[in-house]
Each structure stands twice: as structure tokens, then as C-alpha cells.
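**Q** Numbering (this note's numbering), first residue to last: 16 to 103. We put the CB at the ideal spot given by N, CA and C, even for glycine.
(1) Give the DSSP-derived three-state secondary structure of residue 92 in the structure shown.
(2) For residue 70, which three-state DSSP category applies?
(3) For residue 48, which residues from the same chain have a beta carbon less than 6 Å from its beta carbon, with the 5 sequence-adjacent residues on both sides left out?
(4) With H, G and I counted as helix, E and B as strand and the rest as coil, what does DSSP make of residue 99?
(5) Assuming residue 60 contacts residue 85 under a Cβ cut-off of 8 Å, what Cβ separation, rounded to an integer in Å, is found between them?
(6) Nearest-angstrom Cα distance between residue 91 and residue 79?
(7) Going by DSSP, what residue range makes up the alpha helix (DSSP H) through residue 25?
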């Protein structure tokens with residue numbers, strides 16, 4: 016259940032960054048905001064994986080969870096970038 020909530024938080028962060036990129040449309044490139052999202056989300060999920068390993072979980076187990084937690088919101092961000100490249 017925690018993985019579901021983590022993915023949901025990632026999607027909500029993506030929506031916030033999408034909203035901010037639409038507000039600041041003329042000043043910055045929207046792609047910059049999504050690259051920033053991916054970097055922030057990677058650091059956050061790496062920290063999550065590190066804390067799981069420190070709690071006693073195996074690296075194999077934590078890496079699979081990392082792939083889910085990082086991959087789903089990042090793939091969604093990539094989809095949004097390329098799908099709406101002209102309208103963002």
C-alpha cells in the first residue's frame with residue numbers, strides 16, 4: 016500500500032509541476048520543469064531505497080520497488096512531455 020501512495024505522490028508532484036510550467040509558460044521551457052521533476056523524483060526515490068536498505072530489506076527487493084516508484088511517474092512525465100510538446 017505504501018508503494019501505491021508513493022506513486023500517487025509522484026503523480027501529484029508531476030501535476031503541480033505541470034501547473035507551474037503553464038503559469039510560467041513564457042519565461043522557462045516546459046521541458047526544463049519536467050527534467051527538474053525527474054531529477055527531484057530520482058533523488059527522492061533513491062533516498063527511499065536507501066532507507067529501505069537501512070531498515071533491513073534486501074537490495075533486490077528495494078530495487079524492484081524503486082523501479083516501480085520511480086518508473087511510473089517518470090514514464091508519465093515523459094508521456095506528457097512528448098504528447099503535449101506543442102501545447103505546453
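**A** Per the coordinate set shown:
(1) Within the chain shown, the letter at position 77 stands for residue 92. Reduced to three states, the DSSP call for residue 92 is helix.
(2) If you number the chain shown from 1, residue 70 lands on position 55. Three-state DSSP puts residue 70 in coil, outside helix and strand.
(3) Within the chain shown, numbered from 1, the residue matching residue 48 stands at position 33. Around residue 48: 32 and 36.
(4) To locate residue 99, count along the chain shown from 1; it is residue 84. Note: residue 99 maps to coil in three-state DSSP.
(5) Along the chain shown, one-based indexing puts residue 60 at 45. Along the chain shown, one-based indexing puts residue 85 at 70. The pair is a contact, with the Cβ atoms about 4 Å apart (cut-off 8 Å).
(6) To locate residue 91, count along the chain shown from 1; it is residue 76. To locate residue 79, count along the chain shown from 1; it is residue 64. Approximately 18 Å, taken between the alpha carbons.
(7) Sequence index remark: in the chain shown, residue 25 carries index 10 (1-based). Here the alpha helix (DSSP H) through residue 25 covers 17–38.
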